[in-house]
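The structure appears below as structure tokens.
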Amino acid sequence: MSSTLSAADQTVSDFIARGATGPLPRHYGDALVAAARKDPRIVALCADLPGPTETDLFQAELPDRYFEAGIAEANMIGMAAGFARIGQIPFVHSFCVFVTRRAYDQVANQVAYPKLPVKIVGFLPGLTTMLGVSHQAIDDVALMRALPNMTVIEPSGPEQLAGAVTAALDTPGPVYLRMLRGDAASAGIAAKPLLRVGEVLRQGPHGTIFASGISVAAALEAAETLAKDGHKVTVVNIATVKPLDTALVVELARSTGVVVAAENHSIIGGLGSAIAETLMEAGVPAGFARVGIRDTFAEGGTTPYLQSKYGLAAKDIVAAYGRAAAQRVMTKKGST
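Here this note's numbering is used: the first residue of the sequence shown is 834, the next is one more, and so on.
Laid out in structure tokens, this is it:
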């Protein structure tokens, strides 16, 4: 099946694509099918969302290896665990909030505890959907980070969606992939690998912005703004949130002295928490600020509207840098 489904087909099969100006690219779906053609152990499971999770391609091209669980995420995780125990590599799919929060006990006991190679793929991360609180995953990274044996990966954008499939397959044991689909404008975007270590995208001596997912683009925009005022900062894409590249975090915090963590997730338990824990345990006295959802539920809306209203935009990262830099100055004064 072609990766460019007709607009009519998308309206029927993919309700989150309604209103798109053209067919949405299937960066993830194409990559999963390509991987499955090479590796017969790969199977795909879905919780009644084949269009939004791009598994409609897998369903059409490899129907004998596609399994529809219905709206029963906990059962789907159990099915995946069974497949894993007989030598398969199951990729399970739903929205982030459903495949983590609804099925957390099953993920913990049937997948993470026995360290099975189940790849849990969630879409609609954080504040990116018109569908409101019930579909907004603001605590999924915190939940999955807390599980022993679980790797947590979040691509920076459509350029890393295909790389996320490779990264998941290269990782032994369970993996949680936190995915935001590409829009029509990303149809011809060049693919980039997804690194297991922090990826330095921009270098500067005055501070460091660590970002994940959609916040990477906002961090780069913030760095441009800061540079106009003479503040040259380093920007790091943290695509692998767990295990965190702690060595790089400590190195850059010590060398730049100012640290901002930016994420499309609650400030509690996600990337910002992981970086704060790392810096405290290493005894690094850096100025520090977090950009994320401030311990609140949100509302439905467009992604740009939600990112701006709830303090996740580039301007908010710039403001956070100012707070962290001021804190660093006060720390220096207090130590003299």
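Idealized CB from N, CA, C, for every residue including glycine. For clarity, every value in this text was computed on a predicted model and none was experimentally measured.
By the DSSP assignment, the alpha helix (DSSP H) with residue i in it spans what residues?
i	result
arginine 1123	Where arginine 1123 is concerned, there is no enclosing alpha helix (DSSP H), although the beta strand (DSSP E) it sits in stretches over 1120–1126.
histidine 926	From DSSP, histidine 926 is part of no alpha helix (DSSP H) but of the beta strand (DSSP E) over 922–928.
phenylalanine 891	889–894
glycine 996	994–1003
leucine 865	860–871
Secondary structure at residue i, three-state DSSP: helix, strand or coil?
i	result
arginine 1011	strand
alanine 905	coil
tyrosine 899	strand
alanine 970	strand
glycine 1155	helix
threonine 961	coil
alanine 936	coil
isoleucine 1042	strand
threonine 1058	helix
alanine 840	Low per-residue confidence applies at alanine 840: pLDDT is 41, beneath 50, and the placement is therefore not dependable, though the value from the model is reported in the following sentence. It is helical.
threonine 886	coil
arginine 1161	helix
glycine 990	coil
isoleucine 910	helix
leucine 857	coil
alanine 1023	coil
arginine 918	helix
valine 1082	helix
valine 1049	helix
arginine 978	helix
valine 944	helix
Can you pull the DSSP bridge partners for residue i?
i	result
arginine 1035	Val1068
leucine 878	Phe900 and Val925
isoleucine 953	Val925 and Tyr1009
valine 1091	Gly1120
Would you kindly report the start and end of the unbroken beta strand (DSSP E) that includes residue i?
i	result
threonine 984	984–986
valine 1074	1073–1075
Hey, residue i and residue j are a contact pair by Cβ (cut 8 Å); roughly how many whole angstroms apart?
i	j	result
cysteine 929	phenylalanine 891	In fact, because the Cβ distance is near 19 Å, the residues do not count as touching under 8 Å.
proline 950	glycine 1006	6 Å
threonine 1111	threonine 1079	5 Å
glutamine 993	leucine 1027	5 Å
isoleucine 1150	alanine 1023	Not confirmed; about 25 Å, so no contact.
valine 1083	asparagine 1070	Actually they do not touch by this definition, with Cβ atoms about 17 Å apart.
alanine 907	arginine 935	6 Å
Please check if any C-beta of chain D sits within less than 8 Å of the C-beta of residue i.
i	result
isoleucine 1101	Of the protein chains in the structure, only one exists, and it is not chain D.
Start-end ranges of the beta strand (DSSP E) lying completely within the segment 1095–1153, minimum 3 residues: Runs of the beta strand (DSSP E) inside the segment 1095–1153: 1120–1126.
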